[in-house]
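One structure below.
There are 2 protein chains.
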Amino acid sequence: MGRLTGGDPSLLRRINSAVVLHALRGSDARTLTDLTRITGLSRPTVEGVVEGLIEGGLVVETAPEEGGARRQGRPARRFRFRAEAGHLLGIEIGPHRVAALLSGLDGRIIGAGAREVSETAPEDERLDKVRTVVADVLRRAGVPRSNLRAVGVGTPGIVEADGTVRLGTALPGWTGLALGERLRRSFRCPVIVENDANAAAVAEHWKGAATDSDDIVFVLAGLSPGAGSLIGGRLHRGYGGAAGEIGALHLLGRGETPEHLLSTTDEPLHPLDEQAVAEVFALAKKGDVRAEAAVERFTQRLVHDVGALVLALDPELVVVGGWAAGLDGVLQPLREELDRFCLRPPRVVLSILGEAAVGTGALRLALDHVEEQLFAVEGSVTARR
Amino acid sequence: MGRLTGGDPSLLRRINSAVVLHALRGSDARTLTDLTRITGLSRPTVEGVVEGLIEGGLVVETAPEEGGARRQGRPARRFRFRAEAGHLLGIEIGPHRVAALLSGLDGRIIGAGAREVSETAPEDERLDKVRTVVADVLRRAGVPRSNLRAVGVGTPGIVEADGTVRLGTALPGWTGLALGERLRRSFRCPVIVENDANAAAVAEHWKGAATDSDDIVFVLAGLSPGAGSLIGGRLHRGYGGAAGEIGALHLLGRGETPEHLLSTTDEPLHPLDEQAVAEVFALAKKGDVRAEAAVERFTQRLVHDVGALVLALDPELVVVGGWAAGLDGVLQPLREELDRFCLRPPRVVLSILGEAAVGTGALRLALDHVEEQLFAVEGSVTARR
């Protein structure tokens, strides 16, 4: 049985504080009367909680409304959540580029930046690029680094809970890299590192193609294909952070890698050459027979891998992302195959966020971390075995 | 945001009641002093809660301890949880047999029964057998039907939340059967229907091969292979209840069904003829070349299907169940293949519960249902977006 804190008055204070903050966040400004009505708390309780939140810098009293119909007597005090009380970064570290998104505590993006980086760049060079992009984004937005509350990072590879990359073949020097620790030296706030497909799944759920569903699989279709899944709206990382690493399924007797499947010559493509992949898709569209055959082989492989994910997890929705160009061609074969063997086939849609998905998901993970501190109550009061 | 009840005094009463009941369940008998210490509640609170639980029939005062060293003054009152205050049934409805397990509210099994049934028996005959077994088990244990608090049922097929079998090709008349509704006519308590592999996963976690792990995949290796998985100790059913129905993966271009793979002739085995399967395994052990080849084909297929589950879910542990005899031969190839392509391969073990797994899991699901009523507090007090 977990530790129970049901009788703890400070727990109730925290709950009430979280409830009021939550109500304030949903609107521009609210009166005490609004908050009393929305939260069901007593007016003295709401007053006490709001005073505490003002002291903590999270809430501010706004100026009384001007204009409009004049009201009798003193106007009601209005309060708003201070989204500017803290800031968050969502960072993508990929094979070809690093990017950063900046937001306030409301998650609204107020700054963005990106730099290209060579797929062969060693880890130090890649991290230098990250620092450059971050410094640039903060400077342009006028946000001091000390105001960051959390930083999320999305990157290829299997990532441990502490932010160490356990296996990352897509980037040089990535396997074994203590990425979380390295980045924490640049920030005085928590740094959350997550697999790129996992981050993208979170992003599509937040503001992409999957906002209507809590049970989704996001497929990062590429030469190193991966997948991230949400179950009941929560990221499913797996016991060792390797859930969705379906790319290894071909090792089980299927033999051919996507680099071979997509090649139109006898030579495999370079594992990270996404440009070459886009070219093969483009050629196929123009009717090139070898390219068509390559795309056909690749699609079959993708259908099989996604099929395995769908059978294992039974999601409501599959979101396919990766290279924006050409990938729409895999949707129809995927749908047809899933229709064939699934009793209730999931919907299959393209990513809406495209190349912004990983950074957006990283930002959301940073926001989740902060919201847990602001809005959640530690320890469940539900007694279970 | 969900409804919050943080300021509700009746919520605190319920929490306190759950906490005290939980403490009482863990032992034979406890004094008020024990309960005060364990729960951290005040003595008057504990006294009030215990009185309420006695009135509700869930707790009883036991006779003072006899013998041992005499103590000064009046002996402390001792209380115990009344496991006999209610009873639970776990029912297995399979192709070849129906079985039932009976327990009190502590989950200790106090009765069991089973009957063989033909795999070709229509649904009414199968349900009649269930009713016969249940009546027999209740009568022998001297438990009146009215004392049942919940009934769990494990059966092949994809089962909807309301207990309707959406697809069940293993049993005649099963697809579309409103199994939950039919059984609720026999019982005046909640009836929870679950897929057999899902129930078996719950069972192995409760008292089988997976008591040490919360992230498991249970594989019901058979001619209609299925799987159930627990994520963080909770059953993962999937959006439509079809998670783990990996048996359909062969439709994706792999072609051969297990009935073909295991056949030593040109004719496939009957889909439900598990006896024939056991014979093929036995023949292979004796060195029969055709049987060896059949087992080899079957094992490769199983390895691929389990591999897909492992890559999708990343469990800590894989439990293999199904036919008790012969199945141990698949463990080693499975381990070798998973070692090859998993960074952190899951442990692979045989089911401990064997043919008792499905009924045991059904019982646990019934117990979960009752425990949720007894020990849990409705509605989280955690405010989230």
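Residue numbers (the working numbering), protein chains in the order written: chain E, -12 to 372; chain U, -12 to 372.
Glycine included, every Cβ here is placed at the ideal spot set by N, Cα and C.
All values derive from a computational prediction rather than experimental measurement.
(1) List the residues of chain E that ARG331(U) touches, going by C-beta distances under 7 Å, in chain order.
(2) If I follow the unbroken alpha helix (DSSP H) through LEU22(U), where does it start and stop?
(3) If we cut at 8 Å on Cβ distances, does ALA295(U) have a partner in chain E?
(4) Output the distance between the C-alpha atoms of ARG64(U) and LEU361(U), rounded to the nearest integer angstrom.
(5) Whose CA, out of ARG0(U), LEU296(U), ALA137(U), LEU304(U), lies closest to the CA of ALA230(U)?
(6) What do you reckon, are the CB atoms on GLU106(U) and PRO143(U) nearer than 8 Å?
(7) Report yes or no: is there a C-beta of chain B within less than 8 Å of the C-beta of ALA299(E)?
(8) Cβ closer than 9 Å: which chain U residues qualify as neighbours of ARG153(E)?
(9) Is the region 135 to 151 of chain E close to the region 182 to 192 of chain E, with three or more CB pairs under 8 Å?
(10) Taking DSSP as the reference, what is the three-state secondary structure of LEU14(U)?
(11) Can you tell me which of the three DSSP states HIS291(E) falls into?
(12) Could you check whether GLU110(E) and GLY160(E) sit closer than 8 Å to each other, using their CB atoms as the reference points?
(13) Quick one: list the residues of chain U neighbouring ILE179(E), beta-carbon separation under 8 Å, in chain order.
(14) Give a yes or no on whether the C-beta atoms belonging to ALA70(U) and ARG95(U) are separated by under 8 Å.
(15) When DSSP labels each residue in this structure, what does GLU303(U) get in the three-state scheme?
(16) Does any C-beta atom of chain E lie closer than 8 Å to the C-beta of ASP21(U)?
(17) Could you pull out every unbroken alpha helix (DSSP H) segment of at least 4 residues lying fully inside the region 50 to 134 of chain E, listed in chain order?
(18) Distance, Cα to Cα, GLY346(E) vs VAL46(E)?
(19) Please report the straight-line C-alpha distance between LEU325(U) and ILE145(E), rounded to a whole angstrom.
(20) If you compare alpha carbons, which of SER173(U), THR20(U), PHE68(U) is closest to GLU42(U)?
(21) Along chain E, which residues have their Cβ under 7 Å away from the Cβ of PRO302(U)?
(22) Taking the Cβ atom as the reference point for each residue, do VAL206(E) and VAL307(E) lie within a distance shorter than 8 Å?
(23) Can you tell me the Cα-Cα spacing of LEU321(U) and ARG288(U), whole angstroms?
(24) Excluding the five sequence neighbours on either side, which residues of its own chain have a C-beta within less than 7 Å of the C-beta of GLU344(U), listed in chain order?
(25) Classify ILE339(U) as helix, strand or coil using the three-state DSSP reduction.
(26) Let me confirm a value: ASP301(U) is counted as buried when at least 16 other C-beta atoms fall within 10 Å, else exposed. Which label applies?
(27) To the nearest angstrom, how far is it from the Cα of PHE131(E) to the Cα of ALA122(E)?
(28) When the Cα atoms are used, what is the spatial distance from THR(-8)(E) to ALA99(E)?
(29) Which residues in chain E have a C-beta closer than 7 Å to the C-beta of ILE218(U)? List them in chain order.
(30) Give me the Cα-Cα distance between ARG171(E) and LEU76(E), rounded to the nearest whole angstrom.
(31) Taking the runs of the alpha helix (DSSP H) that are 4 residues or longer, which of them lie wholly in the region 140 to 208 of chain E?
(32) Could you tell me whether the Cβ atoms of ASP315(U) and PRO212(U) are closer together than 8 Å?
(33) Check distances from the C-beta atoms of the region 120 to 149 of chain U to those of chain E and list, in chain order, the residues that come in under 7 Å.
(34) In this structure, how does DSSP classify ALA229(U) when only helix, strand and coil are distinguished?
(35) Closer than 8 Å, CB to CB, is GLU48(U) near chain E or not?
(36) Please report the straight-line C-alpha distance between ASN134(E) and SER90(E), rounded to a whole angstrom.
Taking the structure as given:
(1) Under a criterion of Cβ atoms nearer than 7 Å, the residues of chain E adjacent to ARG331(U) are, in order, GLY227, ALA229.
(2) Secondary structure note for LEU22(U): its alpha helix (DSSP H) is the uninterrupted segment 19 to 26.
(3) Output row for ALA295(U): interface = yes.
(4) Linking ARG64(U) to LEU361(U) through their CA atoms gives a straight-line distance of about 23 Å.
(5) Across the set ARG0(U), LEU296(U), ALA137(U), LEU304(U), the C-alpha of LEU296(U) shows the shortest separation from the C-alpha of ALA230(U).
(6) Note that the C-beta distance between GLU106(U) and PRO143(U) is not below 8 Å.
(7) The displayed structure is made up of protein chains E and U, and chain B is not among them.
(8) Residues of chain U passing the Cβ test: LEU330, ARG331.
(9) Verdict: yes, contact present.
(10) In the sequence on display, residue 14(U) carries Ser and not Leu. SER14(U) falls in the coil class under three-state DSSP.
(11) Residue state, collapsed to three classes: helix.
(12) Yes. Within cutoff.
(13) Chain U residues near ILE179(E): none, gap ~17 Å exceeds 8 Å.
(14) For ALA70(U) and ARG95(U), yes; Cβs fall inside 8 Å.
(15) In this structure, GLU303(U) counts as coil in the three-state DSSP scheme.
(16) Judged by the 8 Å Cβ criterion, ASP21(U) is not in contact with chain E.
(17) Here the runs fully enclosed are 110 to 128.
(18) Taking the straight line from one Cα to the other gives about 28 Å.
(19) Taking the straight line from one Cα to the other gives about 17 Å.
(20) It is PHE68(U) whose Cα lies nearest to the Cα of GLU42(U).
(21) Taking a Cβ-Cβ threshold of 7 Å, the residues of chain E close to PRO302(U) are TYR226, in chain order.
(22) With respect to VAL307(E), VAL206(E) sits close: the two C-beta atoms are nearer than 8 Å.
(23) It is roughly 10 Å from the alpha-carbon of LEU321(U) to the alpha-carbon of ARG288(U).
(24) Contrary to the premise, residue 344(U) reads as Ala rather than Glu in this sequence. Listed in chain order, the non-local C-beta contacts of ALA344(U) below 7 Å within the same chain comprise ALA187, ALA190, GLU191, GLY195, GLY308, SER338, local neighbours out to five positions each way being set aside.
(25) DSSP places ILE339(U) in coil when its eight states are reduced to three.
(26) With 16 or more other Cβ atoms inside 10 Å of its own Cβ, ASP301(U) counts as buried.
(27) According to the sequence shown, residue 131(E) is Pro rather than Phe. So the two alpha carbons sit approximately 10 Å from each other.
(28) Low confidence applies to THR(-8)(E): its pLDDT is 39, below 50, so where it sits in the model is not reliable enough to give any reading.
(29) In chain order: ILE218, HIS223.
(30) Taking the Cα positions, ARG171(E) is about 13 Å away from LEU76(E).
(31) Scanning the region 140 to 208 of chain E from its first residue to its last, the whole alpha helix (DSSP H) runs of 4-plus residues come out as 166 to 171, 183 to 194.
(32) The beta carbons of ASP315(U) and PRO212(U) sit no closer together than 8 Å.
(33) The residues in question are ILE145.
(34) Correct three-state label for ALA229(U): coil.
(35) Closer than 8 Å to the CB of GLU48(U) there is not a single CB belonging to chain E.
(36) Answer to the nearest angstrom: the Cα atoms are 11 Å apart.
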